[in-house]
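Top to bottom, those sequences are chains S and Z.
At position 112 of the first sequence (counting the first as 1) the number is 879 in the numbering used here, and the numbers step up by one without a gap.
At position 28 of the second sequence (counting the first as 1) the number is 795 in the numbering used here, and the numbers step up by one without a gap.
All C-beta atoms, glycine included, are put in the ideal place defined by N, C-alpha and C.
No experiment lies behind these values; they were computed from the predicted model shown.
For reference, the structure discussed in these notes is given below.
There are 2 protein chains.
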Amino acid sequence: MRRLMPVVGVIGGGQLARMMIPAAVALGVEIRVLAEAADSSARLAATAVGDYRDEATVLEFARGCDVITFDHEHVPQPVLQALQAAGAAVRPGPDALLYAQDKLMMRERLSRLGVPQPDWVRAESASEVEGFLADHGGRAVVKTPRGGYDGKGVRVVSSAAEVADWLEGGAVLVEELVSFRRELAQLIARRPSGESRPWPLVETVQKGGVCAEVIAPAAHASDAVERAAAEIATSVANGLDVTGVLAVELFESSDGRVLVNELAMRPHNSGHVTIDGSVTSQFEQHLRAVLDWPLGDTSARAPWSVMINVFGELPQPAIMAALGHQPAVKVHAYGKGPRAGRKAGHVTATGDELDETVYRARAAAAHFD
Amino acid sequence: MRRLMPVVGVIGGGQLARMMIPAAVALGVEIRVLAEAADSSARLAATAVGDYRDEATVLEFARGCDVITFDHEHVPQPVLQALQAAGAAVRPGPDALLYAQDKLMMRERLSRLGVPQPDWVRAESASEVEGFLADHGGRAVVKTPRGGYDGKGVRVVSSAAEVADWLEGGAVLVEELVSFRRELAQLIARRPSGESRPWPLVETVQKGGVCAEVIAPAAHASDAVERAAAEIATSVANGLDVTGVLAVELFESSDGRVLVNELAMRPHNSGHVTIDGSVTSQFEQHLRAVLDWPLGDTSARAPWSVMINVFGELPQPAIMAALGHQPAVKVHAYGKGPRAGRKAGHVTATGDELDETVYRARAAAAHFD
């Protein structure tokens, strides 16, 4: 059969790949997933099960795909380079992904771009950490440059001894402990030919270093804050030549500055709210962006949208109870087996009043406690 | 692995089965499709390819499914009965589906229910057809009881000779040629435990007997018309014990009556507008209904939603042009190879003003002409 529509290959079979499936089905795009395991969240679209660190596995998977994109940032640079050398359209490309893989390189690169960030330093020794602590009120955030997520690889410390184990492994990133009013996230999508579109700024509420709740748009954000966030995201997307969705996690500091916390170059938890809350979801936009198709309208579909993560599991009786209790709330289950603390799904409410929308989302989510 | 979530088996691999996939992915429900061919529209979820008229094929497919539902009404009654005898939960059940399979039985059943319909008669001979014509101004609609869809099996006639071929095959349905202001469709979903929820009434615009455009809600519908449509759909759903989505195609007659034209017991073209236009789409609601889960809110997400069918094919350059021209319009492609006249996709616009929403939908659809 003549191939009429493009094939997008996604490396990684987690919930982000899973949530690309509905968007691909609607657009008529074929989606193929290289999954870690047969029972991965995105198993419906899995055409291969294997190790994303293995070059041969990844090259074999990519054959027949028009574009390769990602469920996560963990594909090693040599594998990404080999993909590109084999002629694959890798989006985002290895040179961009580097800055989502390595937090030290990200800080260095954003400093050169002139993007506002917390104070930071690269430290290879206890004395360098102590020096930074002395200059910053005796407390700081220390991060391993690679491999951290959802609060892992991050410690708030008041002495270098607390990260002695990490220093044995190499340089660490030491950051100012920002006093902030709240955390924000600015999502933007960018296509290879240059067009980019931001979504409205959202507020993220973290618990234990993990995203718990997202409120879209960020309530009472000043024009200056909204403008700063959009400018930062645009600078980073253009400056780092990001293609697809870029999520910029931000602090709104106590003194009113907007500072970059983290970057992700893929659909992001802070954007799950766009599935039900936006004209174009982050998953549809990511596919359009990596295919170099025109980007969609990112306007909100309702004055307020609130997303709450569900951890552990979503048992069927709880889903039924949540749906019965809140007929307008949307429940999203990621098709994972139960495991304590793991993101297993989310719920989204949309509405005209923030308080009432938050209430409905929490009322639905409470069925999964 | 312990099965955590129910499995819904869909017989038929067309676009209706395809559009259930995103809803199943979101709800965490496993969907399996018995497809007609390897390249069917719903191939992503196909777990079997085979003939839905073959009992052994269907029984084998149904093994391991918690609920069986349908992409079309063409599964023969003996196969449906065998499924039920084997213990499968068939939704809608054979006794309900009968009335979507046989238009004569439908008319007889709705007459007994007291639901308003066009005048009709069962005719086995030319003289019976001529008798009806004589009583109804010399013109009538004749339909074969089975197998018709999208204008096939339907003729507007002024003499019995025009359906002589059909009369050789058995009885035909002869109906009053209704003088109507417009055609409407009332969708409703009903679950086995009895709960039902209608969507707002929509207007359907047919071209050549095929749905071309849907406007939601039906503009300027009187309260009486809206109430009549909802009452008819509720009577039919309850009276025929329909489970899942029921679509009731209606005439709004020139003298203001609401009359049943056709029934479909599955998601329906007139409900595609609910994907982008409603809090709960007909595909999500169909899954919830056949699973006997609580039904979702059927409210509109915008004052107006307009859906336009695309026939033939949706070439990638045309999709890109449509998306580029209308960033807020949603394009849905059914993953079919090109074939003249066949439903290949649809576009949906939502908005605050009807005129402007129609304009944007048509502007996007025009890229596929």
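Item	Value
Residue 789 of chain Z, DSSP secondary structure in three states	helix
Per DSSP, cross-strand counterpart(s) of residue 1074 of chain Z	Z:981, Z:1115
Residue 895 of chain Z: first and last residue of the uninterrupted alpha helix (DSSP H) it sits in	893–902
Proximity to residue 997 of chain S [Cα-Cα], best of S:1105, S:954, S:820, S:772	S:954
Spatial distance of residue 786 of chain Z from residue 906 of chain S (CA atoms)	53 Å
Delimiting residues of the alpha helix (DSSP H) encompassing residue 878 of chain S	870–880
Residue 881 of chain S to residue 1085 of chain S span [Cα, whole Å]	48 Å
Near-chain A residues of the stretch 785–817 of chain Z - C-beta to any C-beta below 7 Å	The chain inventory of the structure shown lacks chain A, comprising the protein chains S and Z.
Contacting positions in the stretch 925–947 of chain S - beta carbon closer than 9 Å to chain Z	none
Selection of the stretch 1097–1113 of chain Z by Cβ proximity to chain S, strictly under 8 Å	1097, 1098, 1099, 1100, 1101, 1102, 1104, 1105, 1112
Residue-chain proximity (residue 1062 of chain S, chain Z), Cβ-Cβ < 8 Å	yes
Cβ-Cβ distance between residue 863 of chain Z and residue 1008 of chain Z below 8 Å	yes
Under 8 Å from the C-beta of residue 1055 of chain Z: neighbouring residues of chain S	1090
C-beta contact flag for residue 1054 of chain S and residue 964 of chain S at 8 Å	no
Residue-chain proximity (residue 1068 of chain S, chain Z), Cβ-Cβ < 8 Å	yes
Contact list for residue 1095 of chain Z against chain S, beta-carbon separation under 9 Å	1046, 1047, 1063, 1064, 1066
Contact under 8 Å by Cβ, residue 1101 of chain Z with residue 795 of chain S	yes
Buried or exposed by the 16-neighbour rule on C-beta atoms within 10 Å, applied to residue 769 of chain Z	Legend: pLDDT at residue 769 of chain Z = 46, less than 50; position of this residue unreliable, value from coordinates given subsequently. By the 10 Å Cβ count, residue 769 of chain Z comes out exposed.
Beta carbon proximity, residue 771 of chain S to chain Z, threshold 8 Å	yes
Distance between residue 780 of chain Z and residue 801 of chain Z (C-alpha atoms, nearest Å)	6 Å
Reference residue 773 of chain S; option with closest CA among S:1073, S:1056, S:1117, S:871	S:1056
Outcome for residue 1098 of chain Z when other beta-carbon atoms lying within 10 angstroms are tallied against a minimum of 16	buried
Buried/exposed call for residue 1113 of chain S, threshold 16 Cβ in 10 Å	buried
Residues near residue 1020 of chain Z by beta carbon distance below 8 Å, same chain, minus five either side	945, 946, 947, 948, 1026
Residues sharing a beta bridge with residue 965 of chain Z, DSSP	Z:955
Buried versus exposed call for residue 1105 of chain Z [16 or more other C-beta atoms within 10 Å across all chains shown]	exposed
Environment of residue 904 of chain Z [buried if 16+ CB atoms lie within 10 Å]	exposed
Rounded Cβ spacing between residue 952 of chain S and residue 967 of chain S (contact assumed at less than 8 Å)	The pair is not a contact, with the Cβ atoms about 11 Å apart (cut-off 8 Å).
Selected residue, minimal CA-CA separation from residue 894 of chain S, among S:923, S:934, S:1048, S:1024	S:934
Residues near residue 902 of chain S by beta carbon distance below 7 Å, same chain, minus five either side	none
Residue 969 of chain Z beta carbon less than 8 Å from that of residue 977 of chain Z	no
Under 9 Å by beta carbon: chain S residues contacting residue 1052 of chain Z	Here the premise fails: no neighbours, minimum Cβ distance about 10 Å.
Element boundaries [alpha helix (DSSP H), containing residue 776 of chain Z]	No alpha helix (DSSP H) contains residue 776 of chain Z, which is instead part of the beta strand (DSSP E) from 774–778.
Reduced DSSP secondary structure (H/G/I, E/B, other) of residue 763 of chain Z	This structure cannot settle anything about residue 763 of chain Z, because the visible part of chain Z is limited to 768 through 1136.
Cβ pair residue 822 of chain S, residue 842 of chain S closer than 8 Å	no
Three-state secondary structure assigned by DSSP to residue 831 of chain S	coil
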